[in-house]
Amino acid sequence: MNFTRRINPPLGIPSTRIANLAKSVAKTVSKTVVMAVVCFAPVAAGALEELPANQEHRGVVMVDLYQIFPENRLDNAVYYDNRLVLSVANQTISHISPLPKEGRFVYLAKDAQGKSQVRVYVQHQDRQARVETIAPGHHFVVVVLDGVVYKKLYRVVEGNRLVDLLPQSKTADGAQAGEPGVVFYHVSTVVEREGVGDETYKEFGIRLHLSAFDSERLLDLDFPIFNALPELKIEWVGPNQIMYTLTDGRQELISISQFQ
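When we follow numbering that gives the first Met the number 0, the leftmost residue of the sequence shown carries the number 0, and every step to the right adds one.
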């Protein structure tokens, strides 16, 4: 079972935490290492200095207004604007991806055996987020923040970095894993069409994307698919073909060679 503790102490890292971290480092390093103690003072995040010890332990890792300290250490923590907000028991927090609302983020953590997991940190007033693993390294996240639903697809890159595949969108959905990668869509536009007489109706422009397993690039279908609802059913029908189904039952085949 994974226990997550949410902590809101005064500014700065408590001296007891520094001592515990130093003991942890001493146990895991067999050769002589020059230790650098980094304290978070009530100053701007830009004033913090990264004090490298070696290639795997740079001290403080900065992600926007967030800091991960210390890097690549068991029981390390995430700080927001110099305030301690999250530490996960017996876990190493490797990377985070901020969500659009302040103080919320998706994070990548590893246990002592190196097994990774993707989780979401939210505030007490937020609903519990849902995380689903679509394929190795691909994780679908649904979270409601201040009444707004965010649907996101994340990819773990190089084993220690979390990437939001569509950072400007909150409608990533429909992810399906196939032999070449993970295909998914997002709603890119809404158009109003003329109907019978003075009536009008809306259609939703949907874009397809492919996160290929053999590349870190995100490939896109270069034209939108219009549907009566902001959703699309997708399925793989072969190693290189997908089929989508519209609300009215119409179906179309697309080859992954059409993705660019």
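The C-beta atom is built at its ideal place from N, Cα and C for all residues, glycine as well.
Treat the numbers as computed from the prediction; the structure is a model and nothing was measured.
Please determine, among the options, the residue with the shortest C-alpha to C-alpha distance to residue i.
i	options	result
residue 64	182, 99 and 175	99
residue 328	108, 123 and 122	Residue 328 is absent from the structure shown; the chain starts at 0 and stops at 259.
residue 155	225, 215, 244 and 70	215
residue 252	164, 112 and 242	242
residue 122	138, 59, 144 and 89	144
residue 200	191, 181 and 207	191
residue 81	88, 68, 87 and 93	68
residue 114	125, 235, 159 and 141	159
So what does DSSP say about residue i, is it helix, strand or coil?
i	result
residue 214	coil
residue 86	strand
residue 93	strand
residue 240	strand
residue 257	helix
residue 187	strand
Near residue i, what residues of its chain come up, given a Cβ to Cβ distance below 6 Å and the 5 sequence neighbours on each side ignored?
i	result
residue 221	259
residue 227	246
residue 147	none
By the 10 Å Cβ neighbour count, where 16 or more other Cβ atoms means buried, how is residue i classified, buried or exposed?
i	result
residue 157	exposed
residue 197	exposed
residue 172	buried
residue 210	buried
residue 96	buried
Under 7 Å Cβ to Cβ from residue i, same chain only, skipping five residues before and after it: list those, please.
i	result
residue 91	71, 72, 73, 75, 108 and 109
Who are the Cβ neighbours of residue i in its own chain at under 8 Å, not counting the five residues just before and after it?
i	result
residue 238	177, 178 and 179
residue 174	133, 137, 139, 152, 181, 182 and 183
residue 188	203, 204 and 223
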